[in-house]
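Everything on this sheet refers to the single structure shown next.
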Amino acid sequence: MIAGVTLFPHVSWPYLRRRKGRAALALLSVALAVALFAAIRITDYSTVRAFEQSTQALLGAVQLIITHGIGTEPEALEVAEQTPGVRAAPVIQRAANAAQFGITLTVLGIDYARDARVRSYRAIGEFDWTRMWLDRRTVVIPQALAARHGINLGDPLLLSADGGEFRYTVAGLLRDEGPAAAMGGRVAVMSISAAQELFATPERFDRVDIVLDTPTAGDALRARLPAGYVLEPAPRSSPILDYFLAQMRTISLAVTLVALTIGLFIVYNSVSLSVTERAGELATLRALGARRKDVWSLFLVEACVICVPASVLGMGLALLAARQMLRQAAANMNVMVQTVDITRMWVPPDAWTVGPALGLVTALAGTLTAARAAARVPPAAAGSRSGAALLTLQTSRLWRWLIAAVPLGAVSLALALHPATPRLLTIVGFALIVLSLGLALPQLMLWLTIPLRTLARRWLQIETYLAFDNVAKYPARTSLTVVTLAGSLSIVVAVSGMLRAFEQAATRWMDDVFAFDLSVQSNPLTTTAYSGTAFPEDLIAEVTADPRVADASGARVVFQPYAGRTVMLLAIDAEPFWGMLARRQRISSDDARALVSELKGGAILVSRNFARLYGVREGDSVRLAAPGGTREFIVARITEDYSWPLGVIGMDREVYKTGWHDRSITYLDVQARDPSQIDALQSDLTRRLRGRMLLWVHKLADIKAYGSALLRDWFRLADAQIGLALVIGAVGVANTLLISVMGQSRQIGLIRAVGATRGQIQRVLVSEALLLGAAGAVLGVLMGVAVAAGLAPVFIARESGYRFPFVMPWSSVGLVAVAALVIALAASLLPIRAVRRFDIVRAIAME
Amino acid sequence: MIELDAVEKVYETGRKRTVALAGVSLRIAPGEYVAVMGPSGSGKSTLLHLAGALDLPTAGQVRINGRSTTEMSDDERAMARRMEIGFVFQFFNLLPTLTLEQNVALPMLLAGHRLRSSRSQVSALLERVGLGARHSALPDELSGGEMQRAAIARALVAEPEMILADEPTGNLDSGTGQEIIRLFGELAQHNGRTVVIVTHDAAVAAHAQRVIRLRDGQVESDRSS
């Protein structure tokens, strides 16, 4: 290595300075790979930190919480307060709509006297907290929230939730710290009795927060609590958030690994050309006494040196990309989980180290093979300026790559497809498949191009032939470029294929089971999909009373722990629900009657993904934790349902009400007698309901469109990565074309000397770029389809139990074709510029 | 006709300034067989490159059939190289993946002709240089002399008025070199083409009607036999 360091300033540095463009491309490819990894890591870390900070702010010093299914009875508070060494505070923490500002607020219902012992609230100026206790229509809000929406002390604040809509007065402002800083400051604090009224949970709390003054107090409390109560550590994370973050991480990691593999190919291409160009110089070094390992170390030092600016640039790009990705992640998380502000970017220490380290590994791995070839340049070649012999040497060894690729590809495929493979290894398997493809393709290409070249020589125009010849002459370089481009493009096809498959399956499901015309929800279809506020069930009777309404079915959606995950519990009014389906002939009346009877008898339905994830079959029993203790249910049917990726349990709402003591509903589906009256019914219901509480009446078409938009938004998170991957692909093609110009300057010079115009040479390059682009597009589509139809479904089935029939994403195939064309043409600009400055005399003088 | 009028050519590499030609003026008439001689670095190849519109002078004028290369566009210079001038290089410069026939037809192919339409002309030329039976061979399969003969055929395919050759025998054994020189002689004598050969070899120059000697970028002597 010492020789490499010593020789670097005298041998490598002048060369890198002379070949600035190519050095810049290699540097850029490593930088982009570093950027992708670091951006994803920063996004992930910042999201988790934002959530943790928010949770931490809400929990304060709380160590344990007491829960009892959904909600906790006051007796738990009494028991806790009677236990020595325990500080207890009851809490109601739920979302309420503040429609006047178009936002959802997290309402904290507290008993200030008790809460002040576990959390710290700091009011601005003098604030008498007893006022909040005395007047149930007062709230306290964070200072920043007030400033953001122009709210002053004494202003009204309308909040609506399960109990209806209430008008509060802003009685005080909080400093933006502690609980007031949680959820991005979108918090309203009120007395616990006011919260019980707002959320229609009289005499119940959501939980009792506990701070222990002595280490043994926890055990004492646990021993004293009546049966059914659970004392558990205060949750610092959300299982739902964890699930979505894991999904995001999976997509991102897969894209990063593919990008790193692509970066490796680009580095290999650049270094191998540099070896070719410098064969004479290297031979001279060898003739003057340089050992093979000295030459080897010289290239490794070059790789290390390129890594320094590449890492700096990569981290800069990562910070820019992470900002964009965080915005998308925040939007996605808030739709799925709850309102958390992910405005601040935290850079984890490992992003600074692992990112550049990955870049270094990529650069070194890309350099190794070419450096080995460099070390083998014979001293006898001293004085020669051409590396043609060396290239032949490399070409003759391609079969070894193929031999290595076959077992690697087989093992990777088995690794990726095996059901027991952990997630990370599955992703590594994906990347290794791309790598083995990159290794196998040069030899395959060599075999393919020999007969094709003969045909092309006979039939193609000279410019097109020369382009084809350039592509075929260096199979390693060409096929790695094609894999580079194809790898980037395949991500587009794969993501789109998965999206289309999911979309089509979900649309078919919605068409089958959505028999309503209107749905009353507390969600304006702009805020959270999974944490809308609930409202009273009295509304069902009121809506059904309208003569234009054929039927109305209420539903309560809650999330329930099951087998270490969080499943969705969907309690529906079975009779009107299946009645609506039977009326629209989606199910026979007999079937509907049978189902309703089973559900009313206490049986449940489970979604197909639930059945797959937890190995449940019809007739099995499922045990669920409920406020009154664990309950057992028999699975009557397994149905298609795409509401929740961790599984859905459906039950009759009467059964749920008995078991969970919850009479509220999350939404109310309405079927009109006459479809022509839907619009009128929508506007009348909206007017009637909005006068009393904050509810929206949505048409079925809008809900379906919202569902599709949610899905697309989720996949959009991958856009930034895909964008970067496409840039890497473009860099790969530009690199190859530039190499093509530089590596064949003698040939270009000769053709120019015998009368080719610049335009003709440029046409050769454009044709070459288009050939690479077309090959990349074809392989990209094939790889994308293989991932979307073969690999991803296995992975998705394992993660969520979903199985979708593959749908060919034709629009993305078209997009990929256009993108490949644009990338190829854009990539040819740099080499075309090089041709403009081409020196014929110098080129033909080379030998 | 080729005319050089007070031609200067200076190469600048960083701070280094190399004067390759320093005010060279000469005129080569149609049908002349000219040898350009001189020691290494005297400017012989530079003169040939300028005369063949491969490069432009730093000062002065190079005219090919009365048209100044400086005033031509890049495409016009390419057309001149394609149709009016035939080049023969020391290292043959054949494209390795094209057959002999295609290599010879290259200027025609660049002009947009199909190989089919040029085939009879190419075959005749290959016959003439003694390679009639090797039209589908690849350059790798040929000897040095055969490759140079193929290069001469290529230089002739567009029927240019001028043949410019840069050390055409420099990479050949003496027997093969003699053969190539004979071929150039025929071209000048029987076909009325202008032939300009850059050479170190006095034996090669002996075949020319006129010998121009260069030294330090200037014409040292210009003698007709």
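Chains U and W, in that order, are what the protein sequence lines are. Using numbering that gives the first Met the number 0, you'd call the opening residue of the first sequence number 0 and step up by one each time. Using numbering that gives the first Met the number 0, you'd call the opening residue of the second sequence number 0 and step up by one each time. We treat Cβ as the ideally placed atom computed from N, Cα and C, and that holds for glycine.
Asked, Found
"What's the C-alpha gap between Ile140(U) and Arg672(U)?", "45 Å"
"What are the boundary residues of the alpha helix (DSSP H) that includes Val462(U)?", "Here the sequence assigns Glu to residue 462(U), which means Val is not the residue at that position. From DSSP, the alpha helix (DSSP H) with Glu462(U) extends over Ile461 to Lys472."
"Give, in chain order, every residue of the region 49 to 64 of chain W whose Cβ lies closer than 9 Å to some Cβ of chain U.", "Gly51, Leu53 and Asp54"
"Give a yes or no on whether the C-beta atoms belonging to Ile63(W) and Pro159(W) are separated by under 8 Å.", "no"
"When burial is assigned at 16 or more other CB atoms within 10 Å of the CB, is Trp12(U) buried or exposed?", "exposed"
"Mind pulling the chain U residues with CB within less than 9 Å of Arg192(W)?", "Within 9 Å Cβ-Cβ: nothing; Arg192(W) doesn't reach chain U, min ~16 Å."
"Using three-state DSSP, classify Asp134(U) as helix, strand or coil.", "coil"
"What's the call for Leu319(U), buried or exposed, on a 16-neighbour Cβ count within 10 Å?", "exposed"
"Is Ile123(U) helix, strand or coil by DSSP?", "coil"
"Between which two residues does the beta strand (DSSP E) containing Pro906(U) stretch?", "For chain U, the structure presents residues 0 to 846; residue 906(U) sits outside this window and is missing."
"Among residues of its own chain, excluding the 5 on either side of Arg16(U), which ones have a beta-carbon nearer than 6 Å to its beta-carbon?", "none"
"My understanding is that Gly754(U) touches Met78(W), with C-beta atoms under 8 Å, so please give their C-beta distance in whole angstroms.", "7 Å"
"Leaving out five residues on either side along the sequence, give the residues of the same chain with a beta carbon under 7 Å from the beta carbon of Val103(W).", "Val121, Leu124, Leu125, Ala149, Ala152, Arg153 and Val156"
"Examine the Cβ distances between the region 251 to 270 of chain U and the region 46 to 59 of chain U and report whether three or more of them are shorter than 8 Å.", "no"
"Give the DSSP bridge partners of Phe86(W), in chain order.", "Leu163(W)"
"Would you list the one or two residues that DSSP bridges to Trp695(U)?", "Gln520(U)"
"Quick one: any contact between the region 217 to 237 of chain U and the region 111 to 119 of chain U, if contact means 3 or more CB pairs under 8 Å?", "no"
"Assuming contact is defined by CB atoms lying nearer than 8 Å, are Arg347(U) and Tyr44(U) in contact in what I supplied?", "What sits at residue 347(U) in the sequence shown is Pro, not Arg. It is a contact, given that the beta carbons lie within the stated cut-off."
"Which parts of the region 177 to 216 of chain W are runs of the beta strand (DSSP E), unbroken and 3 residues or longer, counting only runs that do not cross its ends?", "193 to 197 and 209 to 214"
"Here's a check: name, in chain order, each residue in its chain whose Cβ is nearer than 8 Å to the Cβ of Ala369(U), leaving out the five neighbours to either side.", "Tyr267, Val270, Ser271, Ser273, Val274 and Phe298"
"Could you tell me the alpha carbon to alpha carbon distance between His417(U) and Gln195(U), rounded to whole angstroms?", "50 Å"
"Can you pull out the residues from the region 741 to 765 of chain U whose beta carbon lies closer than 9 Å to at least one beta carbon of chain W?", "Arg745, Gln746, Gly748, Leu749, Ile750, Arg751, Ala752, Val753, Gly754, Ala755, Thr756, Arg757, Gly758 and Gln759"
"Kindly say whether Met78(W), judged by its beta-carbon, lies nearer than 8 Å to any beta-carbon of chain U.", "yes"
"Would you mind reading off the limits of the beta strand (DSSP E) that contains Asp668(U)?", "Tyr666 to Ala671"
"Answer yes or no: does any C-beta atom of chain W fall closer than 8 Å to that of Val840(U)?", "yes"
"Please list, in chain order, the residues of the region 441 to 457 of chain U that have any C-beta partner in chain W closer than 9 Å.", "Arg452, Arg456 and Arg457"
"Please confirm if Asp349(U) has its CB atom under 8 Å from at least one CB of chain W.", "no"
"Decide yes or no for the touch test of the region 156 to 176 of chain U against the region 78 to 88 of chain U: beta carbon pairs closer than 8 Å, at least 3 of them.", "no"
"Contact criterion: CB-CB distance below 8 Å. Does Leu94(W) meet it with respect to chain U?", "yes"
"Using the Cβ count rule (16 or more neighbours within 10 Å means buried), how would you classify Val482(U)?", "buried"
"Between Gly51(W) and Lys43(W), which are expected to be in contact by the criterion C-beta below 8 Å, what is the C-beta distance as a whole number of angstroms?", "That belief does not hold up - the Cβ atoms of Gly51(W) and Lys43(W) are roughly 13 Å apart, past 8 Å."
"Residues in the region 101 to 114 of chain W with C-beta within 7 Å of chain U's C-beta atoms, listed in sequence order?", "Gln101, Leu105, Pro106, Leu108 and Leu109"
"Kindly say whether Leu172(W), judged by its beta-carbon, lies nearer than 8 Å to any beta-carbon of chain U.", "Note on residue identity: the sequence assigns Asp, not Leu, to residue 172(W). Chain U contact via Cβ: absent."
"Can you give the beta carbon distance from Arg206(U) to Ile65(U), rounded, assuming they're within the 8 Å contact cut?", "6 Å"
"So which residues of chain W does Lys472(U) contact, with C-beta pairs closer than 9 Å?", "Pro95 and Thr96"
"Kindly indicate which residue of Gly169(W), Ser72(W), Gln217(W) and Ala202(W) has the alpha-carbon position closest to the one of Val87(W).", "Gly169(W)"
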